[in-house]
Every structure is written in C-alpha cells, then in structure tokens.
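Have a look at the structure below, then the notes.
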Ligand code: PMP
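Residue numbers (my numbering): 107 to 414.
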C-alpha cells in the first residue's frame with residue numbers, strides 16, 4: 107500500500123490513531139463476517155466548500171452500525187460517543203477541511219471470535235452535488251442486473267455486512283463488462299430492489315415511488331431522510347411500495363440515493379431512456395434539497411449535523 111490511502115495518512119485502529127501504512131492485521135483474519143458503515147461530513151454552507159465540516163446524521167449511522175454488529179453476533183467494545191471522538195480525531199489528524207467519507211469497519215479477530223477489530227479509515231471525495239456541478243448531469247446508462255439482490259433469509263440484506271457486497275461487486279462487474287455505468291437489482295420475487303450501493307427512487311406521475319424495506323434493501327439513512335423531508339419541504343409525495351421492472355422502464359425519472367452515491371440521476375435502464383428531460387426536474391429538486399440538508403442550509407434540519 108502506498109503511504110497515503112485516498113489522500114489519508116492516518117486512520118484510527120483499535121483505540122488509537124495510526125499511520126495507514128501501519129494499520130496491519132494478519133492474513134489469517136476471518137473477514138467473512140465483517141460489517142461497516144459509510145458516513146459523510148460536508149463543508150458547512152456549501153457542499154463544495156472548505157472549512158468547518160459537519161457529519162450528516164451521525165446517530166442514524168452509528169445506530170445502524172450497532173444493529174449490523176448485533177445481527178452478526180458481534181459486540182462493539184466502544185461507546186457510540188467514543189466512536190464519534192475517534193471519527194472526529196482521525197479527520198483532524200489528516201488535516202482534512204473538505205468533504206470526507208468516514209468508514210468504520212468491525213470484524214471478528216482471528217482465533218478470538220468474541221473480540222473484534224474496529225478501524226476507522228477516512229478519505230476525501232468529490233461530490234456530485236452543489237450548484238452547476240457538471241458531474242451531476244453526466245449521462246448514466248444502467249442495466250437490470252442478471253444477479254438478484256441477496257435475499258434477507260440468506261444474508262443480512264438490511265444490515266451493512268461486507269458479505270452483501272460480493273453481490274454488489276458481481277453486479278457492477280457485469281455492468282462494466284457490458285458497457286453500462288451501473289446496475290439495478292431485482293429482489294428474489296422479481297420486484298425492483300436497489301442499486302449496488304444505494305437505494306432507488308423512481309418518478310411516476312410526478313410522484314416519487316421507492317421499494318419497501320422488505321424488497322431486500324439496506325435500511326438507508328438517505329432514503330429515510332428523503333421520505334421524511336421531501337413531502338413536507340418540497341411538497342412532492344413519496345410512496346413506499348413494490349415497483350415492477352416494467353414500471354421502472356416506464357418511469358419519468360429515476361435516481362439513486364445513498365451516502366456514497368448521493369443523488370445520482372439515471373439516464374436509461376437497459377438502454378430504454380427515462381422521461382423527456384435529463385436530469386429530470388424532480389431529481390434536480392431533490393438533489394438541491396439534499397445538498398442544502400448536508401450543508402446545514404435548512405435551519406429546521408440542522409440537528410442532523412454534528413460538527414467534526
Ligand atoms: N444500499 C446499499 C447496498 C448501500 O451500500 C447503501 C450505502 N450505505 C445504501 C443502500 C444507501 O444507504 P445510506 O443512505 O444509509 O448510505
């Protein structure tokens with residue numbers, strides 16, 4: 107590994123800040139039961155800015171991390187407060203003052219299944235969001251994957267377990283091999299589930315529709331944030347219900363939503379273009395609203411931000 111990991115020189119490992127290069131474990135580690143969390147902190151006032159960083163929805167993310175650990179039979183040997191301090195300290199140790207991704211990882215130690223490793227890597231990323239961001243409107247061809255999304259009676263689909271991401275990686279590899287930008291999973295029943303690392307929302311008759319948790323999706327913090335704020339703040343109705351593949355093809359717009367993928371517009375699915383305009387008007391409004399939430403520009407939702 108090179109000295110810096112995505113621009114980060116330091117991570118937090120089992121209670122201390124260490125150089126990424128020295129954050130080493132044995133190759134004998136059992137990695138199949140690992141879990142993790144994906145959290146972002148954005149610059150206050152402008153998602154493309156610099157300066158004070160605020161973590162978006164820390165509590166919701168850390169609660170899910172604890173739930174993921176419990177589902178996989180692991181106990182986190184730190185308090186949520188200690189993990190927050192660790193996350194803040196590792197961002198500061200790296201001297202970051204622009205957007206960062208924070209990815210706490212937990213997995214059982216070799217030969218001591220009741221003990222775990224806890225590591226918090228952080229790295230910088232470029233957002234798709236913000237005013238006049240050309241990255242947002244880039245064309246994106248998606249395909250319906252030939253891989254079904256893992257069923258929650260086979261793997262913990264609603265938890266953020268690494269094992270689920272073998273499913274995502276296979277779908278992404280297939281998509282890339284066939285010249286697409288991304289993949290959308292159907293669930294084991296044949297209904298639309300989600301993307302490879304984000305939930306999906308489609309627009310039908312001006313209304314947003316999104317699959318239920320029972321469609322094998324990860325319980326997404328972003329999806330929940332939009333369910334709570336989009337109807338009230340933007341006056342756009344959001345309905346949680348099963349979506350068929352054909353309905354997705356016939357939607358006016360569709361976009362992915364998640365911490366990593368933010369709001370990512372979809373141009374076409376299986377080369378069938380969606381709607382008349384790209385990115386669609388609803389997708390644009392949701393993306394602007396989400397950027398405002400992240401940057402703390404909406405007073406009534408500022409309680410979701412935790413300063414680094
Ligand atoms: N589904 C999957 C499989 C994911 O990896 C993610 C990213 N965590 C999401 C959905 C979106 O979840 P969130 O909004 O909490 O980031």
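Positions of the beta carbon are idealized from the N, C-alpha and C atoms, including for glycine.
Here the structure is a predicted model, which means the values were calculated and not measured.
Work out the CA separation of residue j and residue i for me, nearest whole Å.
i: residue 349; j: residue 382; result: 21 angstroms
i: residue 103; j: residue 241; result: This structure cannot settle anything about residue 103, because the visible part of the chain is limited to 107 through 414.
i: residue 396; j: residue 246; result: 20 angstroms
i: residue 327; j: residue 216; result: 31 angstroms
i: residue 392; j: residue 233; result: 15 angstroms
i: residue 276; j: residue 257; result: 15 angstroms
i: residue 204; j: residue 365; result: 16 angstroms
i: residue 388; j: residue 368; result: 15 angstroms
i: residue 372; j: residue 171; result: 29 angstroms
i: residue 164; j: residue 146; result: 9 angstroms
i: residue 206; j: residue 177; result: 28 angstroms
i: residue 355; j: residue 379; result: 8 angstroms
i: residue 107; j: residue 127; result: Here the model assigns residue 107 a pLDDT of 44, short of 50, so the residue's position is not dependable and the matter cannot be decided.
i: residue 274; j: residue 255; result: 8 angstroms
i: residue 404; j: residue 394; result: 11 angstroms
i: residue 282; j: residue 306; result: 19 angstroms
What does the Cβ neighbour count give for residue i, buried or exposed, with the cut at 16 atoms within 10 Å?
i: residue 335; result: buried
i: residue 143; result: buried
i: residue 304; result: buried
i: residue 132; result: exposed
i: residue 137; result: exposed
i: residue 180; result: buried
i: residue 149; result: buried
i: residue 359; result: buried
i: residue 175; result: buried
i: residue 331; result: buried
i: residue 167; result: buried
So the candidates are the options; which of them puts its Cα closest to the Cα of residue i?
i: residue 250; options: 288, 322, 392; result: 288
i: residue 237; options: 306, 279, 203, 152; result: 152
i: residue 125; options: 167, 199, 180; result: 199
i: residue 225; options: 340, 116, 410; result: 116
i: residue 158; options: 122, 202, 123, 182; result: 202
i: residue 53; options: 362, 193, 218, 284; result: A question about residue 53 goes unanswered here, because the residues of the chain that appear run from 107 up to 414.
i: residue 302; options: 313, 295, 296, 322; result: 322
i: residue 135; options: 269, 370, 214, 347; result: 214
i: residue 352; options: 282, 267, 308; result: 308
i: residue 385; options: 228, 243, 306; result: 243
i: residue 119; options: 187, 406, 193; result: 193
i: residue 49; options: 253, 325, 156, 160; result: Outside the modelled stretch of the chain, which goes from 107 to 414, sits residue 49, for which no answer is possible.
At what residue ranges does the stretch 249-331 contain a whole run of the alpha helix (DSSP H), taking only runs of 4 or more?
As far as the stretch 249-331 is concerned, its whole alpha helix (DSSP H) runs of at least 4 residues are 270-283.
For the stretch 143-199, list the alpha helix (DSSP H) runs that are entirely contained and at least 4 residues long, ordered along the chain.
List check, alpha helix (DSSP H) in window: 164-177, 186-199.
Which runs of the alpha helix (DSSP H), 4 residues or longer, sit entirely within the stretch 354-403?
387-401
Which runs of the beta strand (DSSP E) spanning at least 3 residues fall entirely within the stretch 197-228, listed in chain order?
Annotation note: the stretch 197-228 contains the following uninterrupted beta strand (DSSP E) runs of length 3 or greater, listed N- to C-terminal: 206-208, 211-215, 218-226.
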